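Under this note's numbering, residue 270 is the last one in the first sequence; the count climbs by one each step, no gaps. Below is one structure, written out as structure tokens; comments come after it.
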Amino acid sequence: MKEEITISELARIMNVSVHQIRYFEEKEILHPAYTDDNSYRMYCMDQVYELAQILLLRRLGVSVPSIKQSLASFTEGQYEELLHHSLLETTAQMEKLQKHQQFISKVLQEQQNSTGQTEQYQVKQRKVVFLTRWIEMEPHTTLHARLLAEQAAHPPNLFETDIHYLYDSSNAITICLEAEQPNDFVLSAGDYLSSHFLLEHENELDQWIERFHEHAAAHSYVLAEPLILIEKSYLSLFSQGTLHYEILKRIESKDEAREGAQDDYHADYN
DNA sequence: GTTCTGACA
DNA sequence: TGTCAGGA
């Protein structure tokens with residue numbers, strides 16, 4: 001029995017694939033101790049330690065070409081720098097994952113909020129929301145792929161975004177996305193009349209908007225412009241083929257109604 | 001049965 | 001990075 005081991009045995013004790021070991025050889029960072037007569041690669045303890053170091057560096061996020069460099073020439077200080085860099089990268093990844101986590105929670109929350117609420121109206125307290133203008137649409141036009149491609153300079157991830165449609169009094173629609181900072185529009189905090197509903201086709205939308213206004217009138221709500229329609233495309237996951245919307249309008253306080261405050265959502269900083 | 005190289009998704 | 005073919 002030889003002291004040296006074959007590639008599959010090395011792979012097994014180091015928990016990596018045979019393919020990966022060959023790949024490291026191709027990239028010239030790990031060579032076998034020798035090649036046997038049958039052209040099998042044979043490895044000894046030296047390679048076990050070398051492979052351990054390579055795998056450690058990979059775990060720290062160091063690329064294979066950089067590992068090659070580092071094995072050849074790195075000083076203690078340079079390895080330290082490598083670790084600092086790796087720490088920063090890991091932190092950034094964790095922040096990304098936390099955002100994923102928040103998004104998943106949000107979808108679940110929204111799903112729970114929306115079930116059973118269809119066609120029901122409620123008065124909701126909302127916090128201030130900042131919106132950034134994304135696409136402008138003429139009255140009575142529909143959003144089609146061409147418009148999207150031409151107007152959307154910096155497209156968001158449509159599958160995870162609340163898309164806000166702001167209807168002004170002339171029925172022109174501004175499609176907006178949520179922003180972190182005060183931006184093109186500000187939806188002020190306050191009470192909003194809200195209704196969730198599901199659509200099979202977009203052409204049912206106008207009926208819903210009409211019904212929303214009828215409901216508001218029947219209950220004598222005084223509502224402030226604009227009409228806000230929020231599309232939650234990610235909720236379609238739970239009901240294939242349907243579109244989820246929330247329709248909103250801010251309820252004016254009596255003072256505002258007396259002053260006839262209008263258009264107070266505009267915040268054009270241009 | 002195991003490993004090799006090379007190609008491919 | 002995994003998988004497959006075809007040969008040793």
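We treat Cβ as the ideally placed atom computed from N, Cα and C, and that holds for glycine. As the structure is a computational prediction, the values presented were derived from the model and not from experiment.
If the criterion is Cβ atoms closer than 8 Å, does the pair residue i and residue j meet it?
| i | j | result |
| --- | --- | --- |
| Thr242 | Ser236 | yes |
| Asn171 | His219 | no |
| Tyr121 | His244 | no |
| Asp162 | Glu178 | yes |
| Ser70 | Leu87 | no |
| Asn183 | Phe130 | yes |
| Leu82 | Leu97 | no |
| Tyr192 | Leu229 | no |
| Val128 | Val62 | no |
| Lys106 | Ser194 | no |
| Pro32 | Gln47 | yes |
| Leu199 | Leu205 | yes |
| Gly190 | Arg146 | no |
| Phe238 | Gln112 | no |
| Pro226 | Leu166 | yes |
Closest to residue i by CA distance: which of the options is it?
| i | options | result |
| --- | --- | --- |
| Glu4 | Val18, Tyr23 and Asp36 | Asp36 |
| Ile175 | Glu200, Lys2, Thr132 and Arg146 | Thr132 |
| Glu28 | Leu87, Leu10, Ile54 and Asp191 | Ile54 |
| Thr6 | Arg59, Tyr40, Gln20 and Ile21 | Tyr40 |
| Glu136 | Phe130, Arg250, Glu150 and Gln125 | Glu150 |
| Ala224 | Ser253, His196 and Met42 | Ser253 |
| Ser8 | Asn38, Ala189, Tyr43 and Asn113 | Tyr43 |
| His196 | Gln101, Glu231 and Glu26 | Glu231 |
| Glu25 | Met1, Ile67 and Arg12 | Ile67 |
| Ser169 | Gln109, Glu138 and Ala189 | Glu138 |
| Phe159 | Leu147, Phe103, Ser188 and Leu198 | Phe103 |
| Gly221 | Arg250, His154 and Leu10 | In the sequence as displayed, the identity of residue 221 is Tyr instead of Gly. Of the listed residues, the one whose Cα sits closest to Tyr221 is Arg250. |
For residue i, name the three-state secondary structure that DSSP assigns.
| i | result |
| --- | --- |
| His215 | helix |
| Phe185 | strand |
| Ala172 | coil |
| Ser8 | helix |
| Leu30 | coil |
| His140 | coil |
| Leu235 | helix |
| Asp268 | For Asp268, the predicted model reports a pLDDT of 48, less than 50, meaning its position is unreliable; a value from the coordinates is still stated below. Of the three classes helix, strand and coil, the one that applies to Asp268 here is coil, per DSSP. |
| Asn157 | coil |
| Phe103 | helix |
| Asn15 | coil |
| Leu51 | helix |
| Ser73 | helix |
| Gln109 | helix |
| Met1 | coil |
Spell out the partners DSSP gives residue i in its beta bridges.
| i | result |
| --- | --- |
| Gly190 | Arg126 |
| Pro197 | Reading the sequence as shown, one finds Phe at residue 197 and not Pro. The partner list for Phe197 (beta bridge, DSSP) reads Tyr245. |
| Leu223 | Ile251 |
| Arg41 | Thr35 |
| Thr132 | Leu177 |
| Ile21 | In DSSP, Ile21 forms no bridge with anything. |
| Tyr165 | Ile175 and Leu229 |
| Tyr121 | Ser195 |
Are at least three pairs of beta-carbons, each pair with one atom in the segment 9-20 and one in the segment 50-70, less than 8 Å apart?
yes
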